[in-house]
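Participant: Mapped onto our numbering, the consecutive letters of the sequence shown carry residue numbers 9 to 129.
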Amino acid sequence: MLALGICGAVVQGCDDNDDNLDVLDKLQAAFSQKYPEASPKWKTRSNYYIADFQNQNYAAEAWFTSDAVWLMTETDLPHASLPEAVKNAFKNSEYGQWSLDDVDMLVREGMEPVYVLEVEQ
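(1) Note down, one range per segment and in chain order, each alpha helix (DSSP H) of at least 4 residues found wholly within the stretch 44 to 129.
(2) With a 10 Å radius around its C-beta and 16 neighbouring C-beta atoms as the bar for buried, classify ASN100 as buried or exposed.
(3) If the criterion is Cβ atoms closer than 8 Å, does the pair ILE58 and GLU45 meet it?
(4) What three-state label does DSSP hand ALA11 in the structure shown?
(5) Is the beta carbon of ASP60 sitting closer than 8 Å to the one on LYS49?
(6) Where does THR32 fall in DSSP's three states?
(7) Just confirm the distance between the C-beta atoms of VAL115 and LEU90, as a whole number of angstroms; I'd bet it's less than 8 Å.
(8) Whose C-beta lies closer than 6 Å to the C-beta of TYR56 among residues of the same chain, with five residues either side of it excluded?
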């Protein structure tokens, strides 16, 4: 099944954001196991630890619990990198004539990737 999320705006709270934290060894080890070539900068949001890094030349964030359990990775993608099925679904949707502003790919364990398209009229 194809999941296509179309959003107009994303609201994020950053009250408890701490950029470039010194993280516990277990968090760094969990990250390095998943992305061995990357050098992250860490921050927190609520009770989550977020590693900002480059994933195949794209900006990405990997989300972890305080117990170093990976939850998901969000990667900013250019429109051209979208799978053809997603491009076609967007093009043929009621929003197909809108301007594509941002594309994110969400990857979670045991689930198909989800593509979030931010569009403007």
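For glycine and all other residues, C-beta sits at the position ideal for the given N, C-alpha and C.
Facilitator: To lay it out plainly:
(1) 92 to 99
(2) Taking the sequence shown and counting its residues from 1, the one referred to as residue 100 is at position 92. Counting Cβ neighbours within 10 Å, ASN100 comes out exposed, since fewer than 16 surround it.
(3) Here residue 58 corresponds to residue number 50 of the sequence shown, with the count starting at 1. Here residue 45 corresponds to residue number 37 of the sequence shown, with the count starting at 1. No; because the gap between Cβ atoms is not below 8 Å, this pair is not in contact.
(4) To locate residue 11, count along the sequence shown from 1; it is residue 3. With a pLDDT of 41 at ALA11, under the threshold of 50, the modelled position of that residue is not reliable, and no figure is offered here.
(5) Counting from 1 along the sequence shown, the entry for residue 60 is found at position 52. Counting from 1 along the sequence shown, the entry for residue 49 is found at position 41. A contact, by the Cβ cut-off of 8 Å.
(6) Locating residue 32 in the sequence shown gives position 24, counting from the first residue. Sequence check: residue 32 is Leu here, not Thr. DSSP places LEU32 in coil when its eight states are reduced to three.
(7) Here the question's residue 115 lines up with position 107 in the sequence shown. Here the question's residue 90 lines up with position 82 in the sequence shown. Actually they do not touch by this definition, with Cβ atoms about 14 Å apart.
(8) Numbered from its first residue, the sequence shown carries residue 56 at position 48. The answer, listed in chain order, is TRP71.
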